[in-house]
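Student: Next up is a structure, given as structure tokens.
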Amino acid sequence: MKSEAIAEEVLQDSFVKIWEKIDMYDESKGRLYTWILNLTRNLALDKLRSKDFKKQNKTDDISSFVSIKDSTDINPEFIGVKEVLNLLSPEQKQLIDLMYFKGYSQSEIAEEFGIPLGTIKTRVRAAMTKLRGLF
0 MKSEAIAEEV LQDSFVKIWE KIDMYDESKG RLYTWILNLT RNLALDKLRS KDFKKQNKTD
60 DISSFVSIKD STDINPEFIG VKEVLNLLSP EQKQLIDLMY FKGYSQSEIA EEFGIPLGTI
120 KTRVRAAMTK LRGLF
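Numbering that gives the first Met the number 0 numbers the first residue of the sequence shown as 0 and each following residue consecutively.
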């Protein structure tokens, strides 16, 4: 939903609420204009804070914000990643390869090799720390 459509919806809701609640207006508390302005402002804020609005923004089409590149076009050998990975121990290199190039999760690696998940996490953290130290 575009912002213009949301604004139209809030405006419509405002007119309906003004129509329904006009008897609640007390001129001793302020001008009619101020009462209408505050009522409309509160409806707009309620809309912005609503779960539906937040959920909708999370699921908006991202095509206008990012360009999606096919991952099959990426060859890590041409950007120097393989050379950097050779600086890791064979154990660390295998974990990074499985996770980042073959798509395994840490849980899947632990299950496949019969190694405790905590050990896998520790080894991956050590490998990432070592890689960060190289740059």
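Yeah, the Cβ is synthetic: ideal placement off N, Cα and C, and Gly gets one too.
Does Thr33 get closer than 8 Å to chain C when you measure Cβ to Cβ?
Tutor: This model lacks chain C altogether; it includes just one protein chain.
Student: Do Leu87 and Gln105 have their CB atoms nearer than 8 Å?
Tutor: Cβ distance not < 8 Å, so Leu87 and Gln105 don't count as in contact.
Student: For Asp25, which three-state DSSP category applies?
Tutor: Of the three classes helix, strand and coil, the one that applies to Asp25 here is coil, per DSSP.
Student: CB Leu84 to CB Ile119, shorter than 8 Å?
Tutor: For Leu84 and Ile119, no; Cβs fall outside 8 Å.
Student: Looking only at its chain, what residues have a beta carbon closer than 7 Å to the beta carbon of Ile135, apart from the 5 residues adjacent to it on each side?
Tutor: Only positions 0 to 134 of the chain appear in this structure, which leaves residue 135 out of reach.
Student: Tell me which residue opens and which closes the alpha helix (DSSP H) that Gly132 is part of.
Tutor: Gly132 -> alpha helix (DSSP H) spans Leu116 to Leu133.
Student: Quick check on DSSP: helix, strand or coil for Arg40?
Tutor: Looking at Arg40 - three-state DSSP - the assignment turns out to be helix.
Student: Between which two residues does the alpha helix (DSSP H) holding Ser2 run?
Tutor: Start and end: Ser2 to Lys20.
Student: In angstroms with no decimal places, state the Cα-to-Cα distance between Met98 and Leu47.
Tutor: About 39 Å.
Student: In angstroms, rounded to a whole number, what distance separates the CA positions of Lys101 and Gln91?
Tutor: Looking at the two C-alpha atoms, the distance is approximately 14 Å.
Student: How close, in whole Å, do the beta carbons of Ser13 and Thr39 come, if the pair is a contact with beta carbons under 8 Å?
Tutor: Between Thr39 and Ser13 the Cβ distance is about 4 Å, and since that is below 8 Å, they are a contact.
Student: Please report the residue range of the alpha helix (DSSP H) in which Leu94 lies.
Tutor: Per DSSP, Leu94 belongs to the alpha helix (DSSP H) from Pro89 to Ile95.
Student: Since Val15 and Ala43 should fall inside the 8 Å C-beta cutoff, what is the C-beta to C-beta distance between them, to a whole number of angstroms?
Tutor: Not quite, the Cβ-Cβ distance comes to about 14 Å (not below 8 Å), so this is no contact.
Student: Note down the Cα distance separating Ser27 from Ile21, rounded to an integer number of angstroms.
Tutor: Answer to the nearest angstrom: the Cα atoms are 14 Å apart.
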